[in-house]
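Down below is the structure, laid out as structure tokens.
Numbering (this note's numbering), first residue to last: 3 to 181.
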């Protein structure tokens with residue numbers, strides 16, 4: 003057993019996540035971390051225990067917003083298969099209506115939607131439910147729309163086409179009960 007503390011970069015490499023995702027998880031106290039000298043540090047043993055023992059909340063509510071029925075259905079199947087409650091809609095307008103009346107723990111959000119864009123939905127989410135974890139789902143990872151979305155600080159960004167394992171990993175990390 004080692005007492006070596008890991009940096010954000012080392013923890014990100016270990017967890018196979020991006021640097022910014024691990025940093026945001028630490029800042030929001032969603033992952034076991036400590037701040038030493040103004041920087042986040044992690045113990046491998048504590049991360050291992052958190053990964054092994056952390057049980058995702060069965061009450062977590064997930065919203066899927068995507069105009070492509072195949073993508074929407076795939077996400078619903080993966081999310082519900084992991085034991086979460088899931089709602090799915092195909093337009094920004096429908097998403098805004100649900101956001102007004104329901105609280106979601108996590109939202110999978112396509113950026114390019116008919117009518118109200120995913121960017122506008124993301125802005126509304128940040129105003130109404132700033133702690134909701136947002137996963138931007140896009141085929142336009144290098145386009146200006148993705149850069150605009152990233153400026154609004156979603157928690158994750160996944161590019162279409164994505165693997166089932168990517169979605170499961172996001173669910174495992176994002177909806178884990180904090181240690």
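Beta carbons: idealized from backbone N, C-alpha and C, even for Gly.
Compute the distance between the beta-carbons of residue i and residue j, then report whether it is under 9 Å.
| i | j | result |
| --- | --- | --- |
| residue 64 | residue 74 | no |
| residue 160 | residue 172 | yes |
| residue 101 | residue 130 | yes |
| residue 119 | residue 127 | no |
| residue 38 | residue 17 | no |
| residue 88 | residue 111 | no |
Around the Cβ of residue i, are there at least 16 other Cβ atoms within 10 angstroms (buried) or fewer (exposed)?
| i | result |
| --- | --- |
| residue 36 | exposed |
| residue 166 | exposed |
| residue 104 | exposed |
| residue 121 | buried |
| residue 80 | buried |
| residue 45 | buried |
| residue 21 | exposed |
| residue 152 | exposed |
| residue 13 | buried |
Can you find the residues in the same chain that come closer than 7 Å, C-beta to C-beta, to residue i, ignoring five residues on each side of it along the sequence?
| i | result |
| --- | --- |
| residue 162 | 73, 139, 140 and 141 |
| residue 98 | 118, 123 and 126 |
| residue 26 | 157 |
Keeping to the same chain, check which residues put their C-beta closer than 8 Å to that of residue i; ignore five residues upstream and five downstream.
| i | result |
| --- | --- |
| residue 3 | Low per-residue confidence applies at residue 3: pLDDT is 45, beneath 50, and the placement is therefore not dependable, though the value from the model is reported in the following sentence. Closer than 8 Å at Cβ, skipping near neighbours: 47. |
To which residues of the same chain is residue i closer than 6 Å at the C-beta, ignoring the five residues directly before and after it?
| i | result |
| --- | --- |
| residue 135 | 108, 157 and 176 |
| residue 28 | 35 and 42 |
| residue 86 | 62 and 64 |
Can you tell me which residues form a DSSP beta bridge with residue i?
| i | result |
| --- | --- |
| residue 8 | 44 |
| residue 28 | Paired residues: none, contrary to the question. |
| residue 90 | 66 |
Worksheet item: Do the region 65–77 and the region 87–96 touch if we need at least three Cβ pairs shorter than 8 Å?
Response: They touch, by the three-pair rule.
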